[in-house]
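Q:
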Amino acid sequence: MYNSQNQHIWATSRDEADEKGGIKVKQKFPQKVMVWLGVCSKGVTPLVIFDPGTVDHAEYIQKVLPVALKYGNKTFGKHWTFQQEGAKPLIHHLTETWCQDNFPSFIDKDH
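Okay, structure coming up:
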């Protein structure tokens, strides 16, 4: 394992250190990836990868819920229940309306 703290370059100036390969760039904020994955007794749903940024209810409805619906119907037919956690985009009233209108059975935020 490489530990940059243990690697030293002896130089009399920053320019000399750079010439000897001493440029060390540390990324302040590492890359992040936002994903969604559903898990059940029969397996896992296809992975949904979001664009960078915050996921709002509209993006959740557009990208996640159709994947969950298709997987649930394919795997269980018409007899299954969709349940989600309590994150803001997931409990938004438009999200819950979509779920009530489309899933065979849905456990809302109050249950």
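Per my numbering, residue 6 is the first one in the sequence shown, and the count goes up by one each step.
Yeah, the Cβ is synthetic: ideal placement off N, Cα and C, and Gly gets one too.
Buried or exposed, going by whether 16 or more other CB atoms sit within 10 Å of the CB of residue 26?
A: Taking the sequence shown and counting its residues from 1, one reaches residue 26 at position 21. Exposed is the call here.
Q: Are residue 65 and residue 109 close, meaning C-beta to C-beta below 8 Å?
A: Residue mapping note: residue 65 aligns to position 60 of the sequence shown, counting from 1. Residue mapping note: residue 109 aligns to position 104 of the sequence shown, counting from 1. Going by C-beta atoms, residue 65 is not nearer than 8 Å to residue 109.
Q: Give the DSSP-derived three-state secondary structure of residue 58 in the structure shown.
A: For this step, residue 58 is matched to residue 53 along the sequence shown. Looking at residue 58 - three-state DSSP - the assignment turns out to be coil, as it is neither helix nor strand.
Q: Using the C-alpha atoms, what's the distance from residue 49 back to residue 39?
A: Start at 1 with the first residue of the sequence shown, and residue 39 comes out as number 34. Start at 1 with the first residue of the sequence shown, and residue 49 comes out as number 44. Straight-line Cα distance between these residues: approximately 17 Å.
Q: Distance check for residue 89 and residue 52, CA to CA, integer angstroms please.
A: The residue labelled residue 52 in the question sits at position 47 within the sequence shown. The residue labelled residue 89 in the question sits at position 84 within the sequence shown. Rounded to the nearest angstrom, the two C-alpha atoms are 16 Å apart.
Q: When DSSP labels each residue in this structure, what does residue 8 get in the three-state scheme?
A: Residue 8 sits at position 3 when you count from the first residue of the sequence shown. Bear in mind that the predicted position of residue 8 carries a pLDDT of just 49, short of 50, making it too unreliable to give a figure here.
Q: So who's on the other strand from residue 87, going by DSSP bridges?
A: Within the sequence shown, the letter at position 82 stands for residue 87. According to DSSP, which records beta bridges pairwise, residue 87 is partnered with 111.
Q: Suppose you measure from the CA of residue 96 to the CA of residue 62; what does that come to, to the nearest Å?
A: Numbered from its first residue, the sequence shown carries residue 96 at position 91. Numbered from its first residue, the sequence shown carries residue 62 at position 57. The alpha-carbon atoms of residue 96 and residue 62 are separated by roughly 8 Å.
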